[in-house]
Ligand SMILES: O=C(O)Cc1cc(O)ccc1O
Ligand SMILES: [Fe+2]
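Residue numbers (the numbering used here): 2 to 503.
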């Protein structure tokens, strides 16, 4: 495939014409009585018409047929996509065994009371053997799952084999966790995509929010109404609300999606950092106009996620029929290697907000619906400092994923393609091995995270896990909590030992 071209600049006002039709953008106005090349003009609004200029987003598309040219939408199976944040009962107490999805079984009645036992299926069969015969086990009257640990870790999510089942990007979407309300445009969802096949004569658009897509395994060739983007692991892209896209894949492919409802991603303010740094605006790439005038007699399917449900409509042409466009509401991509890292060069561990690539702000100053944060390769030079992440409890929820390599706070167990969720106020931090090593190591300048890329979706909302996340994915790591079990007291009441071994 010939190398794709891009425009650049975060949020820029851009204009692009497919070179096959020079002059296809109307000059001096948006809606001429007749557009050049007899195209249709169509506006795509990404903000209320009346938003202040600084947040106003819209693009004008000049296309062979307008998007309205489709048959009515019909509801289709939404697979593992959900916005139901009540599938799993929250349960922060440790009554159940940590980290294991459990079911509630009715073990009969004693007097007027039902005796309910919370067990995994395995525990139930063991228990039935020694059960008091006076209490007769009955069938489960109610099965529900407890989010019985609020520190969750997943092994790499399994990608279906193409030889067994063909799955494309849309049928391979799985919602892992989320919070908020899709109808009032406030909240977020975290999805995992697991696919092995290109979308064939199918495109997708999301009426509910923006997708920040983080491919972890396999590249994505994304056709959009604005043109084509190739997004490889260690790059990310954002496809905003309403934009139609179709994804080609080349192998068994996996990645993460942060969906935010009702807001768009912004670059974080830099404050005293100054005018440059972190993710620089010029490194964000925008596709150039590309169209196909393709009839699809068998029908092209447009899939829409609307209020959390999926709908499909047929049309007889490709939706990628935009010959020219202009505006500031576009899809874009960014290569994480371009992130200009700012960090502690004297002492102490700075908070991970210094690594924010993009933020989706809430209305509360400084509080994000979700931040996208990375842990990029860098130098670690802080003197007299415990350099890995500190132990902490955070009022925000932290979902982490790993694109490649390993994560600095965990010696093992957190693998590329897996994930972890540390819910609001849940204690977490380095595992015991990491603590021991980092407290003893002789400090010298060192490369941290070389060849690795971990990231965090951090949210001010309290995230709920889905049934798929807890159970159906089959990837929950039941032993996660054990990584902290070896932590022991090093307290030496008679020796202050202020400086440690250095
Ligand atoms: O929990 C984590 O590993 C993420 C994280 C990293 C860090 O350097 C400081 C705080 C934090 O939450
Ligand atoms: Fe954390």
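Beta carbons are placed, not taken as given, at the ideal position from N, Cα and C, and that holds for glycine.
Open item on the list: So, does the segment 324 to 340 touch the segment 228 to 244, judging by three or more C-beta pairs under 8 Å?
Closed with: yes
Open item on the list: I'd like to check one pair, residue 224 with residue 208: are the Cβ atoms closer than 9 Å?
Closed with: no
Task: DSSP three-state assignment for residue 54, whether helix, strand or coil - done: helix
- [ ] Compute the Euclidean distance between the alpha carbons of residue 342 and residue 2, then round it to the nearest angstrom.
- [x] 33 Å
- [ ] Using DSSP bridges, identify the partner residues of residue 182.
- [x] 187
Task: Candidates 266, 456, 368, 431: closest to residue 378 by CA position - done: 456
Open item on the list: Give me, in chain order, the residues of the same chain whose beta-carbon lies closer than 8 Å to that of residue 390; leave out the 5 immediate sequence neighbours on both sides.
Closed with: 350, 353, 409, 410, 430, 431
Task: Under 9 Å between C-beta atoms of residue 496 and residue 398 - done: no
Open item on the list: Quick check on the DSSP output: the beta strand (DSSP E) that includes residue 434 runs from which residue to which?
Closed with: That residue, residue 434, is in no beta strand (DSSP E); its alpha helix (DSSP H) goes 433 to 441.
Open item on the list: Assuming contact is defined by CB atoms lying nearer than 9 Å, are residue 56 and residue 202 in contact in what I supplied?
Closed with: no
Open item on the list: If contact is defined by three or more beta carbon pairs under 8 Å, each pair taking one atom from either stretch, is the segment 186 to 199 in contact with the segment 254 to 264?
Closed with: yes
Task: Rounded straight-line distance, which links the Cα of residue 480 to that of residue 128 - done: Note on residue 128: pLDDT 41, under 50, position unreliable in the model; the coordinate value appears next. Each residue's Cα considered, the two are about 22 Å apart.
Task: Rounded C-alpha distance that separates residue 263 from residue 236 - done: 24 Å
- [ ] Would you please state the rounded distance, in angstroms, between the beta carbons of residue 466 and residue 153? I believe it to be under 8 Å.
- [x] 7 Å
Task: residue 380 versus 360, 405, 404, 446, residue with shortest Cα-Cα distance - done: 446
- [ ] State the beta-bridge partners of residue 288 as determined by DSSP.
- [x] 7
Open item on the list: Based on DSSP bridge pairs, tell me the residues matched to residue 248.
Closed with: 223
TODO: List in chain order: all unbroken beta strand (DSSP E) runs of 3+ residues lying wholly within the segment 356 to 413.
DONE: 357 to 362, 369 to 376, 379 to 381, 398 to 405
Open item on the list: For residue 199 and residue 171, I'd like the C-alpha separation in whole angstroms.
Closed with: 10 Å
TODO: Over the uninterrupted beta strand (DSSP E) stretch that includes residue 296, give me the two end residues.
DONE: 296 to 307
Task: Residue from 250, 489, 48 with nearest C-alpha to residue 169 - done: 250
Task: Beta bridge counterpart(s) of residue 337 as assigned by DSSP - done: For residue 337, which the question treats as bridged, DSSP gives no partner whatsoever.
TODO: Could you tell me the boundaries of the beta strand (DSSP E) in which residue 44 lies?
DONE: 41 to 46
Open item on the list: Please state the DSSP three-state secondary structure of residue 160.
Closed with: coil
Open item on the list: Am I right that residue 155 and residue 474 are in contact with their C-beta atoms under 8 Å? What's the rounded C-beta distance?
Closed with: 7 Å
- [ ] Evaluate residue 265 with the Cβ neighbour count: other Cβ atoms within 10 Å of its Cβ, from every protein chain shown; 16 or more gives buried, anything less gives exposed.
- [x] buried
Open item on the list: Under 8 Å, with one C-beta from each stretch per pair, do the segment 33 to 41 and the segment 7 to 17 reach the 3-pair mark?
Closed with: no
Task: Candidates 312, 394, 287, 458, of which the one nearest residue 362 by Cα - done: 458
Open item on the list: On the criterion of 16 or more Cβ atoms from any shown chain inside 10 Å, does residue 75 qualify as buried, or is it exposed?
Closed with: exposed
Task: Residue interval of the beta strand (DSSP E) (run including residue 238) - done: 236 to 240
Open item on the list: I want to check one thing, is the minimum distance from the CB of residue 402 to the heavy atoms of ligand 1 below 8 Å?
Closed with: no
Open item on the list: Classify residue 82: buried if its beta carbon has 16 or more other beta carbons within 10 angstroms, exposed otherwise.
Closed with: buried
- [ ] Could you tell me if residue 364 is buried or exposed, where buried requires 16 or more neighbouring beta carbons within 10 angstroms of its beta carbon?
- [x] exposed
Task: heavy atom of ligand 1 below 8 Å from residue 390 C-beta - done: yes
Task: Three-way DSSP call (helix, strand, coil) for residue 61 in this model - done: strand
- [ ] List the whole-angstrom C-beta distance separating residue 268 from residue 282, where the pair is believed to meet the contact cut-off of C-beta under 8 Å.
- [x] 6 Å
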